[in-house]
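Each residue of the sequence shown is one higher than the one before, counting from 5 in our numbering.
Glycine included, each C-beta is placed from N, C-alpha and C at the ideal position.
Please read the structure below before turning to the comments.
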Amino acid sequence: MSSTVNLKQHVSSAKTPMDTTCIDTIRTLAMDAVQKANSGHPGTPMALAPVAYVLWQDHLRFDPSEPIWPNRDRFVLSCGHASMLLYSLLHLTEVQAVDENYETIGKPSVSLDEIKRFRQLHSHTPGHPEYHLTSGVETTTGPLGQGVANSVGMAIAERWLAAHFNKPGFEDLIDFNVYAICSDGDMMEGISHEAASLAGHLKLSNLCWIYDDNRITIEGSTELTYGDDVAERFMGYGWNVTRVGDANDLELLERAYQAFLNCKDRPTLIIVDSHIAWGAPNKQDTSGAHGEPLGEEEIRLTKKFYGWPEDAKFLVPDGVYEHFRQGVGRRGKELREAWFKRLDAYKTEYPELADQLYKIQHRELPDGWDKDVPTFPADAKGLASRDSSGKTLNAFAKNIPWLIGGAADLAPSTKTLLTFEGAGSFEAENYAGRNFHFGIREHAMGAILNGMSTVKVRPYGSGFLIFSDYGRAPIRLAAIMELPVVYVFTHDSIGVGEDGPTHQPVEQLPSLRAIPGLLVFRPCDANEVVEAWRVVLQLRHQPAALVLTRQAIPTLDRTQFGAASGLAKGAYILADAADGKPDVLLLATGSEVSLCIGAYEQLKAEGIKARVVSMPCWELFDDQDQAYQDQVLPPDVNARVSVEQASTFGWAKYVGRTGATVGMHSFGASAPLKDLLHEFGFTADRVVAAAKEQIEKNRR
């Protein structure tokens, strides 16, 4: 592509002078904001301003005055480093801020002052757009590839909602589209391949990706690393593919968007050839415009090329706000008002479904959401927590119609298949199904779940704990976005046995606990599993991970031991010394709690007073007041032993610097479970010995 700046092209590409003015306003706001911050990515907003302008002004069904109405089109900026493109649009279209109660609060989401504070502390214009911070931002994309995968989740959620709520006379109650702008970097990341493959397989015709093919990355030309025929690849995925040979050609862009709207049997990819930093005489088509300010002199020269006042900064010319009000503003308001009028009629004809839709949008649970949930009788043999989870999930899902999800090709092993009548599978031929088959795509699954959650359905996904590493980026982003996504991870320890160290998670449990805002549950028996699900399903702003066993674990007799409802506080006393004054504390999670019960009984027989504390969720325990924490873990009892089939990292917080930790210090081995337990010291005798050593040490 030539880097020559073509003034004639600039003048003739727009339909009207006001189109040109609006596009150049987007460009210059981006240039000025990045320059003032001395940080950011100006080149892509400059290149894509016409692409985004045509979409927002002429096609996007979005009301800036009420930016969260349910049937709005979604716009995702997957190349989040180009955030000033989105911030400029949010400002110029006068998107209103919305509070945590889903109410507009009478001020703009992105004011001009906020643009001037781009990338500054506590601004609403951070380096990458953030979902919970800035109204009009539909998702926190962050790392490249996440946004396009989120968009697949949004499109899936639309299809599921439409299948569930659209009824005779209201066939289009739910019919929004999802648009995502992506970059060369998005296309290189493996997650985009996973997500595009699934989207094509599911024939998501409500999904449109706009690929900015500018051939520039931070290191230079993409010729260094990238020679894919993207069009061929996406046609192979089953997508409709069209191309716009010049990002400045508004007529071609109009045709491309219309081609998407006319395509009813597959997702659409629009490949747009663009020039990064278009109009900058010395930096157009260079990596220097990708991740750093243009410089004051280059900005003046670029503004001169645009016909812009060269020394004006953060200029919004007369008529620009009004123009957007008459375009996306008026169209969006009319569509929203018409939709809510139809919703009123829908409430009369389908009141129960209308109530469901309201509860979904407000992250509420239906009445009777926890009725007929199982309780499990005491059983020394017990069952795997993955099995009790499967039974519990099915019971809750019957009561919560929008609790939907699946597995990365592992549902028979993770026990996450919904088996009751009518559950069905979500497929291109049946968008009403509640079982999702993500294929062997753990990374995309996590990001797709995030996208689904932004549309307010209640999604869960599952896999083996060892594979949580593949989905760590979207798990982290769910926590950043405060999305109540549920991850079900089974095969949680060396209990995997013969599969060996490649499949035996050791460091995954503490690494998940390290993610701020993520609740990690490792229940000790079937009834703790029930309580874990009960807590998780009431979350509105936190993701959660359930960590479950493959092997059977005893179901404790709750007439002898503490009630499983203690899980709601994260940790609780399961078994105690007769006088409530233990000499040693035995702390554990999951399958190792029963091991501690066995050690407790041995110690009790020897006249040694012990307390067993089940600690299924550290994060919830840490949220309790100090009095409760001290009640469970008395500060004056320093003799402490933790037992967990994982890396011991983190346990020092609870056992202290001198406490004992029975855990993993290697990656395990391939052998039958009983041999592994003996090899790595997960025996009652080992715990008893550690307890006695602790008591002796603290008597000195």
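With distances taken between CB atoms, is the gap from V461 to W406 smaller than 8 angstroms? Using a Cβ distance threshold of 8 angstroms, V461 and W406 count as a contacting pair.
Determine, using beta carbons only, whether L680 and G501 come nearer to each other than 8 angstroms. For L680 and G501, yes; Cβs fall inside 8 angstroms.
Work out the CA separation of G443 and G654 for me, nearest whole Å. Cα to Cα, G654 sits roughly 34 angstroms from G443.
Can you tell me the Cα-Cα spacing of N10 and P285, whole angstroms? Residue placement at N10 is flagged as unreliable, the pLDDT there being 44, under the threshold of 50; a coordinate-derived value is accordingly withheld.
Which two residues bound the contiguous beta strand (DSSP E) that contains W213? Counting along the chain, the beta strand (DSSP E) containing W213 begins and ends at L211 to D217.
DSSP beta-bridge partners of I220: BP columns for I220 point to S225.
Enumerate in chain order the residues of its own chain whose CB-to-CB distance from F684 is below 6 angstroms, with the five nearest sequence positions on each side excluded. So no residue of the chain qualifies.
I need the straight-line Cα distance from L516 to C600, nearest angstrom please. Distance from the CA atom of L516 to the CA atom of C600, rounded to whole angstroms, is 24 angstroms.
In three-state DSSP terms, what is F169? In this structure, F169 counts as helix in the three-state DSSP scheme.
Provide the residue span of the alpha helix (DSSP H) that contains D391, from first to last. Start and end: S389 to N403.
May I ask you to list the residues that DSSP assigns as paired with F440? DSSP output for F440 lists G410 as bridge partner(s).
Residue interval of the beta strand (DSSP E) (run including V691): For V691, no beta strand (DSSP E) run applies; the uninterrupted alpha helix (DSSP H) run containing it begins and ends at A688 to R703, by DSSP.
Answer yes if the region 145–152 comes into contact with the region 193–200, meaning at least three C-beta pairs across the two stretches below 8 angstroms, and no otherwise. The answer is yes - the region 145–152 touches the region 193–200, with three or more Cβ pairs under 8 angstroms.
Span separating the alpha-carbon of D629 from that of Y604: So the two alpha carbons sit approximately 27 angstroms from each other.
CA nearest to the CA of I72, picked from I185, H45, S113 and P46: Closest option to I72, Cα to Cα, is S113.
Tell me, to the nearest whole angstrom, how far the beta carbon of E532 is from that of P639; I am working on the premise that it is less than 8 angstroms. Not quite, the Cβ-Cβ distance comes to about 26 angstroms (not below 8 angstroms), so this is no contact.
Beta-carbon proximity of M672 to R644, cut-off 8 angstroms: First, the residue type needs correcting, since residue 672 is Gly and not Met in the sequence shown. Taking 8 angstroms as the Cβ cut-off, G672 and R644 do not qualify as a contacting pair.
Could you please give me the residues that DSSP links to L550 through a beta bridge? DSSP lists V492 and F525 as partners of L550.
Among A581, K287 and Q555, nearest to G566 - alpha-carbon criterion: With distances taken between CA atoms, G566 lies nearest to A581 out of A581, K287 and Q555.
The beta strand (DSSP E) enclosing Q100, as first and last residue numbers: Q100 to V102 is the span of the beta strand (DSSP E), which, as asked, contains Q100.
Could you pull the DSSP bridge partners for D277 from this structure? As computed with DSSP, D277 is found in a beta bridge with D217.
Out of E70, M50 and D103, state which residue places its alpha-carbon closest to the alpha-carbon of R335. The shortest Cα separation from R335 among E70, M50 and D103 belongs to E70.
For T458 and E236, believed in contact at Cβ under 8 angstroms, the rounded distance: In this structure E236 is not in contact with T458, their Cβ atoms being roughly 31 angstroms apart against a cut-off of 8 angstroms.
Using 10 angstroms around the beta-carbon of N42, count the other beta-carbons present and answer buried if the total reaches 16, otherwise exposed. Label assigned to N42: exposed.
Straight-line Cα distance separating I303 from G409: If I take the Cα positions, the gap works out to 49 angstroms.
CB of R390 within 8 angstroms of CB of T229, strictly: Between R390 and T229, the C-beta gap is not smaller than 8 angstroms, which leaves the two residues out of contact.
Helix, strand or coil: how does DSSP classify G204 here? Three-state result, G204: helix.
K375 lies in the beta strand (DSSP E); which residues open and close that run? DSSP places K375 in no beta strand (DSSP E); its state is neither H nor E.
Taking K657 as the reference, which of Q633, S674, Q649 and L677 has the closest Cα? Residue Q633 is the option with its Cα nearest to K657.
What residue range is occupied by the uninterrupted beta strand (DSSP E) comprising V539? Note, V539: premise wrong, no beta strand (DSSP E); alpha helix (DSSP H) at A530 to L541.
What does DSSP give as the partner residues of L668 in its beta bridges? Looking at the sequence provided, one finds Met at residue 668 rather than Leu. Paired residues: S651.
What does the alpha-carbon distance come out to for the pair N642 and R476? About 35 angstroms.
Three-state secondary structure (DSSP) of H14: Only weak support is given to the placement of H14: the predicted model assigns it a pLDDT of 47, under 50, and the value that follows is read from those uncertain coordinates. For H14, the secondary structure class from DSSP, reduced to helix, strand or coil, is helix.
Top-ranked residue by Cα proximity to R480, from Y362, T352, V524 and T494: Taking only the C-alpha atoms, the option nearest R480 is V524.
Given a cut-off of 8 angstroms, decide if F686 and Q635 are closer than it, judged by their beta-carbon atoms. Contact annotation: Q635 and F686 have beta-carbon atoms that are not nearer than 8 angstroms.
With H, G and I counted as helix, E and B as strand and the rest as coil, what does DSSP make of F471? If DSSP states are grouped into helix, strand and coil, F471 belongs with the helices.
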